[in-house]
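Q: Residue 1049, in the numbering used here, is where the sequence shown stops; the numbers in between run on with no holes.
If you scroll down you'll find the structure; I have some questions about it.
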Amino acid sequence: MNNKYIFSFLFLVILTAVSLLLFNSQTSDSTTVPVNISEDEESVQIVEEEEVGEQLLYDGPYLSFAGFEGSNQRLLEELVTALPEELKGVIKNKILFINGCHQYALSVVSRCPYGVWDSSGTYPDGTKGAEWTLSIWISDRAFTAGEQRDVLIHESAHALSYLTRNCNTENNTSFRKDAWDYFGSEEQFADALVLYFGGSYNHYRISGDLTNEETNYISNYIGTCSEG
Ligand SMILES: [Zn+2]
């Protein structure tokens, strides 16, 4: 073999090694689980490193809340992060978002509602002052039904309505109460907000799509009341 061939062969070996290295460094960011194989070839042991992060269950203060479910807590938090800025601006950092079955609501309606807005922190027996004052509960049932985003917006509308209860219209009347009159009730206002933010799940509103006037009304409400 002459030197030219030896050189080509060595070049190929080096090229292959470099490609492998590159390939490995590119895949190290993926979720591939590292596999350790013991060195004794007669007795191979394949040990998978435990996956960290993705599979971790929620670990935090909500664990002690009556009715906390938690398997959708991370998904719920992602939905909260993705809420429209207009809405998030008013309620963020003021409201707890809990994946769970609100126990007092359960006792009242005999099933886990998809969503619950609890302004006063209601214990399972109906007494007030629980740690979850100002909370929104989205149950596993809502996630199973695929309605979690719309339900979250509906409950967020209640939170918005409550938090801006001292905000007035240009006629110096409560915007909250004005909206009740305008849409027919607090519940119909909350359903209207679901439509306003691109959702579709409505439970109380039966008049369908928003009119332009209704859209402008909500826009004016949020614009006026999100400032203070
Ligand atoms: Zn409601």
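Just so you know, even glycine gets a beta-carbon here, dropped at the ideal spot from N, CA and C.
Only a predicted model underlies this, so the values are computations on that prediction, with no experimental measurement involved.
With hydrogens ignored, establish whether the beta-carbon of Tyr1022 is closer than 8 Å to any heavy atom of ligand 1.
A: As a working note, residue 1022 is residue 201 in the sequence shown. Tyr1022: no, Cβ never under 8 Å from ligand 1.
Q: Measuring alpha carbon to alpha carbon, tell me which residue in Tyr883, Glu991, Asn1023 and Ile1039 is nearest Trp958.
A: As a first step, residue 958 is located in the sequence shown; it is residue number 137 there, counting from the start. When only C-alpha atoms are compared, the closest one is Tyr883.
Q: Over what stretch of residues does the beta strand (DSSP E) that includes Trp953 continue unbroken?
A: By 1-based counting over the sequence shown, the position of residue 953 is 132. Element bounds for Trp953: n/a, residue is neither H nor E.
Q: Run through the region 879-965 for me and flag every whole alpha helix (DSSP H) of 4 or more residues, listed as ranges in chain order.
A: As far as the region 879-965 is concerned, its whole alpha helix (DSSP H) runs of at least 4 residues are 894-902, 906-912 and 924-930.
Q: Measuring only from the beta carbon, is His923 closer than 8 Å to any heavy atom that is part of ligand 1?
A: Residue numbering aside, residue 923 sits at position 102 when the sequence shown is read from its first letter. His923 Cβ: outside cutoff for every heavy atom of ligand 1.
Q: With respect to 8 Å, is the separation between the Cβ of Tyr1025 and the closest non-hydrogen atom of ligand 1 below this value?
A: For the purposes of this step, residue 1025 is identified with residue 204 of the sequence shown, where counting begins at 1. Within the cutoff, so yes.
Q: Can you tell me whether Arg986 is buried or exposed? The criterion is at least 16 other CB atoms within 10 Å of its CB, across all chains shown.
A: For the purposes of this step, residue 986 is identified with residue 165 of the sequence shown, where counting begins at 1. Arg986 is exposed by the Cβ-count criterion.
Q: Decide if the region 1001-1008 is in contact with the region 926-937; the criterion is three or more beta carbon pairs, one per stretch, under 8 Å apart.
A: No, the region 1001-1008 does not touch the region 926-937.
Q: Going along the chain, which residues put their C-beta within less than 6 Å of some heavy atom in ligand 1?
A: That query returns the following residues: His975, His979, Glu1008 and Ala1011.
Q: With distances taken between CB atoms, is the gap from Ala887 to Ala951 smaller than 9 Å?
A: Taking the sequence shown and counting its residues from 1, the one referred to as residue 887 is at position 66. Taking the sequence shown and counting its residues from 1, the one referred to as residue 951 is at position 130. Yes, the pair counts as a contact, with Cβ atoms nearer than the cut-off.
Q: Name, in chain order, the residues that DSSP records as bridge partners for Asn993.
A: For the purposes of this step, residue 993 is taken as residue 172 along the sequence shown, with counting starting at 1. DSSP output for Asn993 lists no bridge partner at all.
Q: Restricting to Cα atoms, I'd like to know which of Asp939, Glu1048, Glu976 and Trp953 is closest to Leu901.
A: Here residue 901 is taken as the residue at index 80 of the sequence shown, counted from 1. The residue you asked about is not Leu; residue 901 is Val in the sequence shown. The shortest C-alpha separation from Val901 is found at Glu976.
Q: Measuring only the C-alpha atoms, how far is Asn993 from Ser956?
A: The residue labelled residue 993 in the question sits at position 172 within the sequence shown. The residue labelled residue 956 in the question sits at position 135 within the sequence shown. Whole-angstrom Cα-Cα distance: 29 Å.
Q: Does the Cβ of Gly921 have 16 or more other Cβ atoms within 10 Å, making it buried, or fewer, making it exposed?
A: For this step, residue 921 is matched to residue 100 along the sequence shown. With 16 or more other Cβ atoms within 10 Å, it is buried.
Q: Just curious, the alpha helix (DSSP H) that Asn1023 is in, first and last residue?
A: Numbered from 1 along the sequence shown, position 202 holds the residue referred to as residue 1023. Premise fails: Asn1023 is in no alpha helix (DSSP H) and is neither H nor E.
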